[in-house]
Amino acid sequence: MEGERLKGFVGESILTYLLNQKKNITAFNIGADGIDLLVADRNQKDKRLFEEGVSPFSVQVKTRTVGNDAEIKTKDLKNITNFTNKLGLSEESVYFAFGFIKGRDIRNIKYYLIPMKYFEFIKKEWGNLCFTKQKIEKLLKSDKDQIGRFKNKIIIL
1029 MEGERLKGFV
1039 GESILTYLLN
1049 QKKNITAFNI
1059 GADGIDLLVA
1069 DRNQKDKRLF
1079 EEGVSPFSVQ
1089 VKTRTVGNDA
1099 EIKTKDLKNI
1109 TNFTNKLGLS
1119 EESVYFAFGF
1129 IKGRDIRNIK
1139 YYLIPMKYFE
1149 FIKKEWGNLC
1159 FTKQKIEKLL
1169 KSDKDQIGRF
1179 KNKIIIL
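Going by our numbering, the sequence shown opens with residue 1029, and the numbers climb by one from there.
Following this line, the structure appears as structure tokens:
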């Protein structure tokens, strides 16, 4: 397995483990084109970890070191949408997990799970879909009304 792909696989495995530690959450890696994880959230609606969409949730994982960006291309979004539609999953239930590693130790990884439905707003705000830890942290600290509507929907692990 090549270096970048190995880092991605390890990042997916760590996220799967972290999600499975949450009450009434079952996550497993499917490694399909466009979807890395499927996650079932069996909590009552007001106690769910995944507030947007309906279970099961599909998660695309992007693992980077702090300082490197994770760019999402329009073509990739279309592929993911097509794949989730083929599976009969709701587009409202698609999340991207951005895992940022501090230094060279992958045990220092921090994940931000963002519903894909907010990408159009983020693209308007940033001008692109290049995610960095710094940009996501700044977004979370923003007090703009438009951002306030969804920043509480971002899951941090």
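Using N, Cα and C, we set each Cβ at its ideal position, and we do this for glycine too.
Between residue i and residue j, what straight-line distance do the alpha-carbon atoms span, to the nearest angstrom?
i: Ser-1083; j: Lys-1051; result: 15 angstroms
i: Asn-1110; j: Asp-1061; result: 11 angstroms
i: Glu-1148; j: Gln-1049; result: 31 angstroms
i: Gly-1059; j: Lys-1166; result: 31 angstroms
i: Ser-1119; j: Ile-1063; result: The sequence given here has Glu at residue 1119, not Ser. So the two alpha carbons sit approximately 12 angstroms from each other.
i: Thr-1112; j: Lys-1151; result: 22 angstroms
i: Phe-1128; j: Glu-1040; result: 12 angstroms
i: Glu-1080; j: Arg-1135; result: 28 angstroms
i: Ile-1184; j: Leu-1141; result: 6 angstroms
i: Phe-1124; j: Arg-1132; result: 23 angstroms
i: Phe-1126; j: Ser-1170; result: 19 angstroms
i: Phe-1178; j: Trp-1154; result: 15 angstroms
i: Gly-1116; j: Phe-1085; result: 11 angstroms
i: Lys-1073; j: Leu-1105; result: 27 angstroms
Name the one or two DSSP bridge partners that residue i has.
i: Phe-1126; result: Lys-1090, Tyr-1140
i: Phe-1037; result: Partner(s): none; Phe-1037 has no beta bridge.
i: Phe-1159; result: Ala-1098
i: Ile-1184; result: Tyr-1140
Sorted by chain position, which residues of the same chain lie with C-beta nearer than 7 angstroms to residue i's C-beta, five sequence neighbours on each side aside?
i: Thr-1044; result: Ala-1055, Phe-1056, Asn-1057, Leu-1065
i: Leu-1157; result: Glu-1099, Ile-1100, Phe-1147, Ile-1150, Lys-1151
i: Ile-1182; result: Tyr-1140, Leu-1141, Ile-1142, Leu-1168
i: Arg-1076; result: Asp-1069
For residue i, tell me which candidate among the options has the shortest Cα-Cα distance.
i: Met-1144; options: Val-1067, Ile-1108, Leu-1115; result: Ile-1108
i: Val-1067; options: Asp-1074, Lys-1073, Phe-1078; result: Phe-1078
i: Gln-1162; options: Arg-1033, Ser-1121, Asp-1069, Asn-1096; result: Asn-1096
i: Val-1038; options: Glu-1153, Ile-1137, Cys-1158; result: Ile-1137
i: Tyr-1139; options: Asp-1069, Tyr-1146, Val-1087; result: Val-1087
Excluding sequence positions up to five away, which residues of its chain have a Cβ less than 6 angstroms from the Cβ of residue i?
i: Asn-1071; result: Asn-1052
i: Lys-1035; result: Thr-1091
i: Thr-1093; result: Ile-1129
Is there a Cβ of chain C sitting closer than 8 angstroms to that of residue i, yes or no?
i: Arg-1076; result: Protein chains in the displayed structure number just one, and chain C is not present.
**Report entry** Any alpha helix (DSSP H) of 4 or more consecutive residues that is wholly inside the segment 1040 to 1122
**Finding:** 1102 to 1115
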